[in-house]
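**Student:**
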Amino acid sequence: MKMHYGAPIIVGLVIFIGALCAPFVVGTAVTKTYKQPELKMPANEKECVESKEFMREKHMQLLNDWRDWALRDGKRTYTNHAGKEFTISLQNTCMKCHVSKADFCDKCHLDAGVSPYCWDCHVQPEGLK
Amino acid sequence: MKNNRRSFIKLAGIAAAGLALAPKAMASGGGAAPVKVNATAIHAAHWAMVVDTTKLNTAEGIEKLAHVCHAIHNVPTIPNKQNEKWLWGAPYDEAFPEQENPHLSESVHTREYPLLCNHCVNPPCVRVCPTKATYQRPDGIVAMDYHRCIGCRYCMAGCPYGSRSFNWGEPRDYLDLKKLNAEYPTRMRGVVEKCNFCVERLAIGKLPACVEASEGALIFGDLNDPDSDVRKVLRERFTIRRKPTAGTEPSVYYII
Amino acid sequence: MLEIALKGSKRYYGWIAFLLVLIAIGSMAYANQILHGLKVTGMSRDVSWGFYISQFTYLVGLAASGVMIVLPNYFHSYKSNKHMVIFGEFMAIAACIMCLLFIVVDIGQPTRMMNMIFHPTPNSILFWDMIVLNGYLFLNLLVGWTCLQADRANLPHPKWLKPFIYTSIIWAFSIHTVTAFLYQGLPGRHYWLTAILAARFLASAFCSGPAILLLVMMVTEKFTTFKMPKKALTTLVKIIAYAMCVNMFFFALEVFTAFYSNMPGHMHPLVYLFAGVHGHHELVGLMWTFIAFAAVSITLLVTPKFRNNMKLLPWTLGILVIATWIDKGLGLLIGGFNPTPFNTITPYWPSGNELLVSMMIYAIGALVVTVLFKIATGVKQEMGQSQAMACGCSTEDTCECTAECGCKE
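Residue numbers (the numbering used here), protein chains in the order written: chain V, 383 to 511; chain P, 57 to 312; chain Y, 130 to 538.
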């Protein structure tokens, strides 16, 4: 069976598949040269609310739960896995240790290309200009 | 979705607690959810406020309280009809339009009345909100989750008291960013906001800011406790509420 | 069938290009609104819904109105409407899309729209409005498209479709009832707080909606070979006449209740709208225009001589559309918010930006109507159904082209 418009269709398909795969190709190249961002850790505090691994992977879920617990359930004291208590507050607990949004939050968020809307309302510790 | 996430964290928490051999954590976490009410928080079965308009009745007096409220809650001052306010003053005919009469005593007629969210027992705003961004806490406070608000403004149409403000533009454009209260957030554009009876202060054992600054003109307490200050003053003095026919049962009472 | 929409005259493509330009201009205004927030509108703390929500309300009526063609066809086997049904359904699709868009442009945080689904809240009427509108959109797409496809293949409409058709007829009433419930359950808004609001909405929908549909059909006839069957047309005009009378009767009931009871809350919005209060007379002229136009359109519709005058009919319908639009569009919204809860007046008028965004949505609606009507008229032409004849009658008309049939004047 003869294919109608065979050449343009095949060229189109090649371009489409190429465009589809391009991010992976470019991404692999970037990954080789990519360096983990260096976060500025709190000077006086070694322990976060939860373990480093937990915070790295699940801080967003934790913040979501903190929000609902504090606002909806009125429960604002969080007991971590080691039994230590923390007041649930982004501005008044988290950012009292992590004193700079730019040197901490933004480092990974910028690389990962995510822009959480926390700071549309919450006041970052370095203040607003 | 939320339940999955929550139960996941709970499971993760229990598992990690087991690994860390911390029986204390289990005990203090109360089993499942690792959260509890602040030890310093003050509680009520139903929070209510009584406004003594014989003491607080001038525009200046109310403005002073509004300033305190708006400063600690980072409420912007916008000089047009798209303004925002949590606490403000109005004359009798605007505050109590259904309860006016042509021969009101002069003092009642010339007073300025402080207005704020009534934290209704039957809040229409909660009834109409399509996302539960506005909700009623068990202690009667009608609170808002600004993270969830989609800005449909149905609550503003629903509120019979005009107590709700919408962030038509960027609120930070109208705030003095040097003087922000760094312990409280601002809001973002496109969400509704209103007085929250200072839940964030009640949680750390403080009374609402306006009550604290009112020098006794605002009485705040538990409506369900017969021995509370509000119940005592409600027993002794004649009070009215705004728009009783709306059936909302406001938790803010006015001594006239 | 979509391919029919791709083959058209220069004029057809020109019209589509024109609509696309309007959409582009309007979307720039919407981009401006996204960048700066809803402060670019004329809305305020006191009048917190405006032109967008009023257009939404009016267009829900247009969406519901198709049922005035569909219902006689299916419930009463009024087969004169047979070839008009598809246009009622396609108009409903466009109207539903415009309704949903007007909601989207009205909300402050459109990116969080899905919160309505992530956190479903059945006690909110807005939740139900979302369900009924999307449901009605889906039903009309399904029913309209399937029927037209069957028509094109010269097959009877599939049996499995019946339940969907009957559901969609009942559903049409539900969309406007639920939309009225958005308003009429609010304790502080006296102009809306009336048990008859849903009935008023339906009455106004069943006159204004078919009127708009007929006007669009008359334009369609100019550019295609389609010709409305005379019987379907005259029946629909009679329905419009009755619905408009009922609409104004319901309005009169409101006026009686408000003023005979002398309840301040019920009187104040009407007084503001028709006479003005506290030195504010912003809407007085418009509201009396509504009354005058309503009176004129009723006069023209109930008098057989005028009603059957096809030259006059577009004007009659146009006047009716303007009257109902002022009443249900602007008057209803502004009268609901004014007097404010403080018994004061905060005037509202849409801003230029608001009007441009609205223009974008209307242009999108017109585009959807154009494409869908192109497909529908294309299929009708292929099948030779309801086509214009040289004498000016439709092939569905059984007249002998005598003087009485009116096709020769």
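Every residue, glycine too, gets a C-beta built ideally from N, C-alpha and C.
1) CA-CA distance, isoleucine 128/P and histidine 409/Y?
2) Quick check on the burial criterion: 16 or more other C-beta atoms within 10 angstroms. Buried or exposed for glutamate 271/P?
3) How about isoleucine 325/Y and phenylalanine 380/Y: do their beta carbons lie closer than 7 Å?
4) Measure the C-alpha to C-alpha separation of phenylalanine 267/Y and lysine 434/V and round it to an integer number of angstroms.
5) Flag this pair as touching only if the stretch 293-311 of chain P and the stretch 120-139 of chain P have three or more C-beta atom pairs under 8 Å; answer yes or no.
6) CB phenylalanine 147/Y to CB serine 487/Y, shorter than 7 Å?
7) Looking at the structure shown, is threonine 469/V part of a helix, part of a strand, or coil, going by DSSP?
8) How do the stretch 279-293 of chain P and the stretch 161-168 of chain P stand: do at least 3 beta-carbon pairs fall below 8 Å, yes or no?
9) Below 8 Å, can you find three or more Cβ-Cβ pairs linking the stretch 167-176 of chain P to the stretch 216-226 of chain P?
10) Can you give the Cα-Cα distance for valine 408/V and asparagine 252/P, rounded to whole angstroms?
11) Looking at chain P, which residues of the stretch 175-188 of chain Y have a Cβ within less than 8 Å of any of its Cβ atoms?
12) Can you pull the chain V residues whose beta carbon is under 7 Å from the beta carbon of histidine 203/P, in chain order?
13) Give the interface partners of alanine 95/P over in chain V, defined as CB-CB distance under 8 Å, in chain order.
14) Excluding the five sequence neighbours on either side, which residues of its own chain have a C-beta within less than 7 Å of the C-beta of methionine 346/Y, listed in chain order?
15) Going along chain P in order, which residues have a C-beta closer than 8 Å to the C-beta of arginine 329/Y?
16) Between which two residues does the alpha helix (DSSP H) containing phenylalanine 276/P stretch?
17) Count the other C-beta atoms from every protein chain shown that fall within 10 angstroms of the C-beta of valine 93/P, then say buried if there are 16 or more, exposed otherwise.
18) Enumerate, from N- to C-terminal direction, the unbroken alpha helix (DSSP H) stretches of 4 or more residues contained entirely within the stretch 447-497 of chain Y.
19) Look up histidine 319/Y in the DSSP assignment and say whether it is helix, strand or coil.
20) Chain P beta carbons: is any one of them nearer than 7 Å to that of asparagine 474/V?
21) Once the 5 residues before and after proline 132/P are set aside, which same chain residues still bring their CB inside 7 Å of it?
22) Is it true that the CB of arginine 204/P sits closer than 7 Å to the CB of glycine 456/V?
23) Once the 5 residues before and after leucine 290/Y are set aside, which same chain residues still bring their CB inside 6 Å of it?
24) Can you find the residues in the same chain that come closer than 6 Å, C-beta to C-beta, to leucine 429/Y, ignoring five residues on each side of it along the sequence?
25) Can you give me the Cβ contacts of alanine 97/P inside the same chain, cut-off strictly under 8 Å, excluding the 5 residues immediately before and after it?
26) Does serine 161/P come out as helix, strand or coil in the three-state DSSP assignment?
27) DSSP state of tyrosine 312/Y, grouped into three classes?
28) Could you tell me which chain P residues have their CB closer than 8 Å to the CB of serine 390/Y, listed as they occur along the chain?
29) Where DSSP assigns a beta bridge to glycine 145/P, which residues make up the other side?
30) Under 7 Å between the Cβ atoms of methionine 212/P and serine 253/Y?
31) Quick one: grab the DSSP three-state call for alanine 104/P.
32) For glycine 495/V, is the classification buried or exposed, using 16 other Cβ atoms within 10 angstroms of its Cβ as the cut-off for buried?
33) Considering only the beta carbon of each residue, do glycine 465/Y and tryptophan 321/Y sit closer than 7 Å?
34) According to DSSP, is threonine 506/Y part of a helix, a strand, or is it coil?
35) Would you mind stating whether methionine 392/Y and phenylalanine 403/Y have Cβ atoms separated by less than 7 Å?
36) When you compare only the Cα positions, how much space is there between isoleucine 198/Y and methionine 512/Y?
**Tutor:** With the given structure in hand:
1) For the purposes of this step, residue 128/P is taken as residue 72 along the second sequence, with counting starting at 1. For the purposes of this step, residue 409/Y is taken as residue 280 along the third sequence, with counting starting at 1. Rounded to the nearest angstrom, the two C-alpha atoms are 37 Å apart.
2) The sequence position of residue 271/P within the second sequence is 215, counting from 1. Result: exposed.
3) Counted from its first residue, the third sequence places residue 325/Y at position 196. Counted from its first residue, the third sequence places residue 380/Y at position 251. No, these two residues do not count as a Cβ contact at 7 Å.
4) Within the third sequence, residue 267/Y is the residue found at index 138, counting from 1. Within the first sequence, residue 434/V is the residue found at index 52, counting from 1. Cα to Cα, phenylalanine 267/Y sits roughly 49 Å from lysine 434/V.
5) No: fewer than three Cβ pairs fall under 8 Å.
6) Along the third sequence, read from residue 1 onward, the residue named residue 147/Y stands at position 18. Along the third sequence, read from residue 1 onward, the residue named residue 487/Y stands at position 358. Not closer than 7 Å, so no.
7) Start at 1 with the first residue of the first sequence, and residue 469/V comes out as number 87. If DSSP states are grouped into helix, strand and coil, threonine 469/V belongs with the strands.
8) no
9) Three or more pairs of CB atoms, one per stretch, sit closer than 8 Å, so the stretch 167-176 of chain P contacts the stretch 216-226 of chain P.
10) Numbered from its first residue, the first sequence carries residue 408/V at position 26. Numbered from its first residue, the second sequence carries residue 252/P at position 196. Near 50 Å, if we compare the C-alpha coordinates of asparagine 252/P and valine 408/V.
11) Asp175, Ser177 and Trp178
12) As a position in the second sequence, residue 203/P is number 147, starting the count at 1. Residues of chain V passing the Cβ test: Arg449.
13) Position 39 of the second sequence, counting from 1, holds the residue named residue 95/P. Here the neighbours are Thr459.
14) Taking the third sequence and counting its residues from 1, one reaches residue 346/Y at position 217. So the qualifying residues of the chain are Phe216 and Met357.
15) In the third sequence, the residue the question calls residue 329/Y occupies position 200. Residues of chain P passing the Cβ test: none, with the nearest at roughly 18 Å.
16) What you label residue 276/P is simply residue 220 of the second sequence in a count that begins at 1. No alpha helix (DSSP H) holds phenylalanine 276/P; the beta strand (DSSP E) holding it covers 274-278.
17) Stepping through the second sequence from its first residue, residue 93/P is reached at position 37. Exposed, since its Cβ has fewer than 16 Cβ neighbours within 10 Å.
18) 461-466
19) Looking up residue 319/Y in the third sequence gives position 190. Coil.
20) One-based indexing of the first sequence puts residue 474/V at position 92. Yes, asparagine 474/V counts as interfacial toward chain P.
21) Working through the second sequence from its first residue, we reach residue 132/P at position 76. These residues qualify, in order along the chain: Glu140, Pro227, Tyr230 and Leu231.
22) On the first sequence, residue 456/V is found 74 positions in, with the first residue counted as 1. On the second sequence, residue 204/P is found 148 positions in, with the first residue counted as 1. Cβ distance not < 7 Å, so glycine 456/V and arginine 204/P don't count as in contact.
23) Looking up residue 290/Y in the third sequence gives position 161. Cβ within range, chain order: Thr275.
24) Residue mapping note: residue 429/Y aligns to position 300 of the third sequence, counting from 1. Within the same chain, leucine 429/Y has close Cβ partners Phe435 and Thr445.
25) Position 41 of the second sequence, counted from the first residue, corresponds to residue 97/P. Contacts found: Leu258, Ala259, Ile260 and Gly261.
26) Taking the first residue of the second sequence as 1, we reach residue 161/P at position 105. Coil.
27) As a first step, residue 312/Y is located in the third sequence; it is residue number 183 there, counting from the start. Look at tyrosine 312/Y here: in three-state DSSP terms it is helix.
28) As a working mapping, residue 390/Y is identified with position 261 in the third sequence. Here the premise fails: no neighbours, minimum Cβ distance about 14 Å.
29) Translated into positions along the second sequence, residue 145/P becomes position 89. For glycine 145/P, which the question treats as bridged, DSSP gives the partners Pro170/P.
30) As a working note, residue 212/P is residue 156 in the second sequence. As a working note, residue 253/Y is residue 124 in the third sequence. Going by C-beta atoms, methionine 212/P is not nearer than 7 Å to serine 253/Y.
31) The residue given as residue 104/P occupies position 48 in the second sequence. Looking at alanine 104/P - three-state DSSP - the assignment turns out to be strand.
32) Here residue 495/V refers to the residue found at position 113 when the first sequence is read from its first residue. It is exposed - the Cβ of glycine 495/V has fewer than 16 other Cβ atoms within 10 Å.
33) Position 336 of the third sequence, counted from the first residue, corresponds to residue 465/Y. Position 192 of the third sequence, counted from the first residue, corresponds to residue 321/Y. If you check the CB distance, glycine 465/Y and tryptophan 321/Y come in under 7 Å.
34) Position 377 of the third sequence, counted from the first residue, corresponds to residue 506/Y. The answer is helix: DSSP assigns threonine 506/Y an H, G or I state.
35) Taking the third sequence and counting its residues from 1, the one referred to as residue 392/Y is at position 263. Taking the third sequence and counting its residues from 1, the one referred to as residue 403/Y is at position 274. For methionine 392/Y and phenylalanine 403/Y, no; Cβs fall outside 7 Å.
36) Here residue 198/Y corresponds to residue number 69 of the third sequence, with the count starting at 1. Here residue 512/Y corresponds to residue number 383 of the third sequence, with the count starting at 1. Their Cα atoms are separated by approximately 21 Å.
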